[in-house]
Amino acid sequence: MADCVRKFFSPRLLDYIVIVGTRTPSSKQSVQMPQLLRRYPPEDHKDFPLSPDVVFFCQPEGCINTDIRRLSQRDTNSFVFALTEKDTSRVRYGICMNFYRNFDLRCSKSGDDEDNSGGGGGGSNRCLSLISLYLVWTLLTTRFEPDFTKILPESVVGDVCEIETWCLRLLSAPVPVPGKTKLELEILDRDIHAPLILALPDHTRFSLIDFPLHLPLELLGVETCLKVITMIMMEHKIVIQSRDYNALSMSVMAFVTIIYPFEYMFPVIPLLPTCMNSAEQVR
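The sequence shown begins at 1 in UniProt numbering and counts up by one.
Structure representation (C-alpha cells):
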C-alpha cells in the first residue's frame with residue numbers, strides 16, 4: 001500500500017458505498033443483469049468518478065435468483081475486486097459482501113418487490129460493496145456478522161433514513177496520516193462492538209499487506225507457485241481460474257506483491273466478470 005500512497009494520497013478512507021442487485025427479481029429468470037440500486041454519495045468525486053462497470057465486478061456471474069429453501073448461511077460470501085483507471089493506472093479496491101434477499105414470487109410478476117421483505121418464495125442476490133484506494137480487507141469485513149438484524153433493533157433496520165445516515169457518516173471517515181496518526185472508527189455503538197483502529201505505515205517501511213500472502217502457496221503448492229512467479233517475471237500473460245472469487249483475487253494480488261522489490265508494470269485484473277460483455281477483450 002505504501003507505493004500507492006506515495007504516488008497518490010486520498011484523504012478519504014472510503015470513496016463509495018454501493019448496493020447492487022436487480023430492481024425486478026423474476027422467478028422465470030435464474031440469472032439477471034446486475035443493476036446499481038443505491039450509491040453513496042450520489043455525486044462523483046472529481047478525482048475518481050464511479051465507473052458504471054462496477055456492477056459487473058460486484059456480481060461477476062450476474063444477479064442470481066433462486067429458491068429460498070435452497071439457501072443457507074454459506075451463501076453469504078465476501079470477496080475483493082480491483083478497478084484500474086485507464087488514464088492514471090491508479091487502482092481502487094472493492095470489498096463486496098453478497099447475500100440473498102427474500103422476495104414474494106407473486107409480487108415478482110408485477111416487477112415490484114422493493115416493499116416486500118417477507119412473503120417467502122424466492123431469494124434474489126444483493127451485493128453491498130465498499131470502494132476505496134486502500135485495501136483494508138480484514139478491518140472492514142471479518143469482524144461483523146453478515147446478518148445485522150441479529151444485533152440491531154428492528155426499528156433501526158427498517159428505517160432507510162437511519163441506514164443512509166450511517167453510510168454517509170462512514171464515508172466521512174478520514175485517512176490517518178501514514179506513520180503519524182491513527183483512526184478509531186466507530187462502526188456500531190460501543191455497547192455492541194468496540195471501535196476499529198486503523199493506521200498506515202510510514203512511506204519508508206514495507207507496504208501494508210492486509211490479506212493472506214501465503215494463500216497461493218497453500219492452494220497451488222510451492223512448485224506451481226514458483227512456476228507462476230517465474231512466468232510473471234518473464235512477462236508472460238497469465239490467466240488464473242477459480243470458483244472462489246476471494247481466493248482468486250487474493251492469490252493474484254499476492255503474486256504481484258511477492259515479486260517485491262520489482263514492480264509489475266502491466267495491467268492486473270484480479271477478477272474478470274463473466275457477465276460483462278466482451279470481458280475476454282479486457283487487457
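Even for Gly, the Cβ is constructed at its ideal location relative to N, Cα and C. As the structure is a computational prediction, the values presented were derived from the model and not from experiment.
Three or more C-beta pairs below 8 Å linking the segment 189-197 and the segment 29-47: No: fewer than three Cβ pairs fall under 8 Å.
Opposing strand residues paired with residue 77 [DSSP bridges]: 98
Spatial distance of residue 123 from residue 222 (CA atoms): 41 Å
Cβ-Cβ separation, residue 19 to residue 126 (assumed contact under 8 Å), whole Å: 7 Å between Cβ atoms; contact.
C-beta atoms of residue 10 and residue 134 nearer than 9 Å: yes
With 16 other Cβ atoms within 10 Å as the buried cut-off, status of residue 130: buried
Selection from 240, 224, 213 that minimises the alpha carbon distance to residue 260: 213
Contact check, residue 287 vs residue 12, beta carbons under 9 Å: Residue 287 falls outside the range modelled here, since the chain spans only 1 to 283, and no answer is possible.
Where residue 254 sits in the DSSP three-state scheme: Reduced to three states, the DSSP call for residue 254 is helix.
CA-to-CA distance, residue 128 to residue 30, given in whole angstroms: 20 Å
CA-to-CA distance, residue 40 to residue 258, given in whole angstroms: 34 Å
Contact under 9 Å by Cβ, residue 132 with residue 248: no
Integer Cβ distance of residue 231 from residue 238, believed to fall under 8 Å: 6 Å
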